[in-house]
Amino acid sequence: MFFSKGKLVLIPDSKEIVLHGTPRDARCTMISGRILLQSRAARIVNSLVVRLRPKQEDLLNPAMSIASLSEITCTVVKDGRAAPTSEETPFSPRTCSQEWRFSMGIPGNICETVFSPSAFIGYQLVAELRTSSVVQWAPFCKLVAAVPISVKRAPAADSALTAIASESVSVAAKWRDRIELTAIAASRIVHDSRSSQFSGVVRPLIKGVRLLRAGFEIREFIEGPFDSSSSAPPRGNTVTRCSRDINAGTLDMCQDGVCVNMEFPPSTVERRSGVVIDQEIQISGTLWIPRAYHEIQYDIAIGPIRVSHELVFAVSVVDEVGQVHNVRLSSGIFVFPRVSTEVIDLPRYENSDKDVLLAAGQCWSLDSSAPQAPGMQSPWTFGSSLLFEHSPPPEYSPSLHPAQTAPPARHGTLAHVQV
Numbered sequence: 000m001f002f003s004k005g006k007l008v009l010i011p012d013s014k015e016i017v018l019h020g021t022p023r024d025a026r027c028t029m030i031s032g033r034i035l036l037q038s039r040a041a042r043i044v045n046s047l048v049v050r051l052r053p054k055q056e057d058l059l060n061p062a063m064s065i066a067s068l069s070e071i072t073c074t075v076v077k078d079g080r081a082a083p084t085s086e087e088t089p090f091s092p093r094t095c096s097q098e099w100r101f102s103m104g105i106p107g108n109i110c111e112t113v114f115s116p117s118a119f120i121g122y123q124l125v126a127e128l129r130t131s132s133v134v135q136w137a138p139f140c141k142l143v144a145a146v147p148i149s150v151k152r153a154p155a156a157d158s159a160l161t162a163i164a165s166e167s168v169s170v171a172a173k174w175r176d177r178i179e180l181t182a183i184a185a186s187r188i189v190h191d192s193r194s195s196q197f198s199g200v201v202r203p204l205i206k207g208v209r210l211l212r213a214g215f216e217i218r219e220f221i222e223g224p225f226d227s228s229s230s231a232p233p234r235g236n237t238v239t240r241c242s243r244d245i246n247a248g249t250l251d252m253c254q255d256g257v258c259v260n261m262e263f264p265p266s267t268v269e270r271r272s273g274v275v276i277d278q279e280i281q282i283s284g285t286l287w288i289p290r291a292y293h294e295i296q297y298d299i300a301i302g303p304i305r306v307s308h309e310l311v312f313a314v315s316v317v318d319e320v321g322q323v324h325n326v327r328l329s330s331g332i333f334v335f336p337r338v339s340t341e342v343i344d345l346p347r348y349e350n351s352d353k354d355v356l357l358a359a360g361q362c363w364s365l366d367s368s369a370p371q372a373p374g375m376q377s378p379w380t381f382g383s384s385l386l387f388e389h390s391p392p393p394e395y396s397p398s399l400h401p402a403q404t405a406p407p408a409r410h411g412t413l414a415h416v417q418v
């Protein structure tokens, strides 16, 4: 039929663009794909253009688009002829379609995709085809297809950020000289749509403190252009959490992904809630990191919208006078996209004569600043699981001698809220 337009289908090879490095030093990348024109008969295509442009605002969404990119254009067909950079497959009566392949460059300094309540940066890939050069604006001569594209940024493999963020985490802080909290993680990097394991330790400093509840959470902080006028720090939002009540009768069961381990568990089940902190109590938890752009955003350090995250080890305790306190130990972490190692130029080691092969299952000490005597195992080790020294609960005095106090923790923040 004369008014049969057919159907235009845009199929990118990947629906995400991954840039490596900061906007200043990231190299450009490519996005490629196929364009199919499905029709009953062969059509004469006059022009075919592919554009990467910002996502349009939704009338039902109050957030404003603030993408600085206007658009990036790739000409596939011009004046009825395929461009030298594209490939054309003639019309096939068997599939009732004709096909073009395209490839276009993306600069490394464009802003990443991010969504916040007040603003967002999104992109879409749009293909526009025209089949008439005489009546170019006739509705039946124009076909349009669009697919959403996300722009992600990952740190370069040889950057200082990758080296620092990939190191294990062990931060500690004391609360009112009553207890000491330690948060442990294998790395500061977590990925969306995956689970991550974290560990914590509650160490007593005085007698009479009870542990009521423990858990982990990840908080997200978003700062946009509309927040710059406010002097208050950005408010954090909890994007994922796991926690449980601590009772002597349920210590052997994991609840909400949180497990409790005591070297010397209570011998009797007490009627009071919680357990007495008379020894080191190890808490392990599993957090499910939500899918990006829905419930969590990737970390962004440079751009109109900046995003950061922190890991929180939270406990509820009852002090020696029966007052309940919520104590939180936090440390910064990074939410980065998963990147295939095939596209990363990893550093090579040319001189291997001094390399040492580590034994399988060897554990690494998380406290690298504390020297270890030969043959002595540190109580803070992290391999496939946490290992702790077998020793009875220590004895306590009302206050610690200055020589017994632990060195101050680094990169940790301790806060408490009295209930």
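Just so we're aligned: the sequence shown equals residues 0 to 418 in numbering that gives the first Met the number 0.
All residues carry an ideal CB built from backbone N, CA and C; glycine is no exception.
For clarity, every value in this text was computed on a predicted model and none was experimentally measured.
- Task: Would you mind reading off the limits of the alpha helix (DSSP H) that contains T94?
- Result: Boundaries for T94: no alpha helix (DSSP H) harbours it, and the DSSP string shows neither H nor E there.
- Distance, Cα to Cα, R305 vs P53? Straight-line Cα distance between these residues: approximately 18 Å.
- Item | Residues near I295 in its chain [Cβ-Cβ closer than 7 Å; skip 5 each side] | Taken in chain order, the residues that qualify are D191, E219, V238, I288, P289 and V334.
- Item | Straight-line Cα distance separating R187 from A162 | Roughly 10 Å between the two C-alpha positions.
- Message: Is the beta carbon of I105 closer than 7 Å to that of H181?
- Response: His is not the amino acid found at residue 181; the sequence shown has Thr there. No, Cβ-Cβ distance for T181 and I105 is not below 7 Å.
- Could you tell me if T88 is buried or exposed, where buried requires 16 or more neighbouring beta carbons within 10 angstroms of its beta carbon? With fewer than 16 other Cβ atoms within 10 Å, it is exposed.
- Assigned secondary structure, G20 (DSSP; H/G/I helix, E/B strand, else coil): Look at G20 here: in three-state DSSP terms it is coil, with no helix or strand label.
- Query: First and last residue of the beta strand (DSSP E) that includes A172?
  - Reply: Residues V168 to W174.
- Pairing CB atoms from the stretch 5-21 with CB atoms from the stretch 68-87, are three or more of them under 8 Å? The answer is no - the stretch 68-87 does not touch the stretch 5-21, with fewer than three Cβ pairs under 8 Å.
- Task: May I ask you to report which of helix, strand or coil DSSP gives I109?
- Result: When secondary structure is reduced to three states using DSSP, I109 falls in the coil class, being assigned neither helix nor strand.
- Expressed to the nearest angstrom, what Euclidean distance is found between the alpha-carbon atoms of F225 and V311? If I take the Cα positions, the gap works out to 27 Å.
- Message: Among P265, L128 and I276, whose alpha-carbon lies nearest the alpha-carbon of L250?
- Response: Of the candidates P265, L128 and I276, the one whose C-alpha sits nearest the C-alpha of L250 is P265.
- Label D354 either buried or exposed according to how many other C-beta atoms from any shown protein chain fall within 10 Å of its C-beta, with 16 as the threshold for buried. Note that D354 scores 39 on pLDDT, short of 50, meaning its location in the model is unreliable; the coordinates nonetheless yield the value given after this. D354 is exposed by the Cβ-count criterion.
- Message: Let me confirm a value: P203 is counted as buried when at least 16 other C-beta atoms fall within 10 Å, else exposed. Which label applies?
- Response: For P203, the number of other beta carbons within 10 angstroms of its own is at least 16, and it is reported as buried.
- Message: Less than 7 Å between the beta carbons of Y297 and F114, yes or no?
- Response: Taking 7 Å as the cut-off, the Cβ atoms of Y297 and F114 do not count as close.
- Apart from the five residues on each side of it in sequence, which residues of its chain come closer than 6 Å, Cβ to Cβ, to P116? No residues qualify anywhere along the chain.
- Item | Residue range of the beta strand (DSSP E) that includes A184 | I178 to A184 is the extent of the beta strand (DSSP E) around A184.
- Message: Can you look up G248 in the DSSP assignment and give me helix, strand or coil?
- Response: When DSSP states are grouped into helix, strand and coil, G248 belongs to the helix group.
- Item | N- and C-terminal bounds of the alpha helix (DSSP H) containing T161 | According to the DSSP assignment, T161 belongs to the alpha helix (DSSP H) that extends over A159 to A164.
- G475 classed as buried or exposed, judged by whether at least 16 other C-beta atoms fall within 10 angstroms: This structure does not reach residue 475, given that the chain is present from 0 up to 418, and the question cannot be answered.
- Query: Can you give the Cα-Cα distance for F263 and N236, rounded to whole angstroms?
  - Reply: Those two C-alpha atoms are separated by around 37 Å.
- Message: Checking the sheet assignment: what are the DSSP bridge partners for C73?
- Response: Note: C73 sits in a beta bridge opposite V49.
- Query: Cα separation between P147 and S85?
  - Reply: Spanning the two alpha carbons is a distance of roughly 22 Å.
- Message: Buried or exposed for S194, going by 16 or more other Cβ atoms inside 10 Å?
- Response: Exposed is the call here.
- Message: Assess contact between the stretch 152-159 and the stretch 311-326, defined as three or more Cβ pairs (one per stretch) separated by less than 8 Å. Is contact present?
- Response: The stretch 152-159 makes no contact with the stretch 311-326; the number of CB pairs closer than 8 Å stays below 3.
- Query: Shortest alpha-carbon distance to L128 belongs to which of D157, D78 and M252?
  - Reply: Checking every option, the nearest Cα to that of L128 belongs to D78.
- With a Cβ-Cβ cutoff of 7 Å, do I30 and L9 count as a contact? Cβ distance not < 7 Å, so I30 and L9 don't count as in contact.
- Residue(s) in a DSSP beta bridge with V200: Partner(s): T181 and Q281.
- Among A145, V200, L142 and D176, which has the Cα closest to the Cα of S169? Here the closest residue by C-alpha is V200.
- Below 7 Å between beta carbons: does that hold for S315 and R212? For S315 and R212, yes; Cβs fall inside 7 Å.
- Query: Should V143 go down as buried or exposed, given a rule of 16 or more other Cβ atoms within 10 Å for buried?
  - Reply: Exposed.
- If you follow the beta strand (DSSP E) that H324 is part of, which residue opens it and which one closes it? Taken as a continuous stretch (DSSP letters only), the beta strand (DSSP E) holding H324 covers V323 to V334.
- Is it right to say M252 is buried, meaning 16 or more other beta carbons lie within 10 angstroms of its own, or is it exposed? Answer is exposed; the Cβ neighbour count stays below 16.
- Message: If the criterion is Cβ atoms closer than 7 Å, does the pair I280 and M261 meet it?
- Response: It is a contact, given that the beta carbons lie within the stated cut-off.
- Can you name, in chain order, every residue of its own chain whose Cβ lies under 8 Å from the Cβ of A145, other than the five neighbours on each side? Cβ within range, chain order: L9, Q123, L124, V125 and A126.
- Message: Going by beta-carbon coordinates alone, are V274 and L210 separated by less than 7 Å?
- Response: Cβ atoms of V274 and L210: closer than 7 Å.
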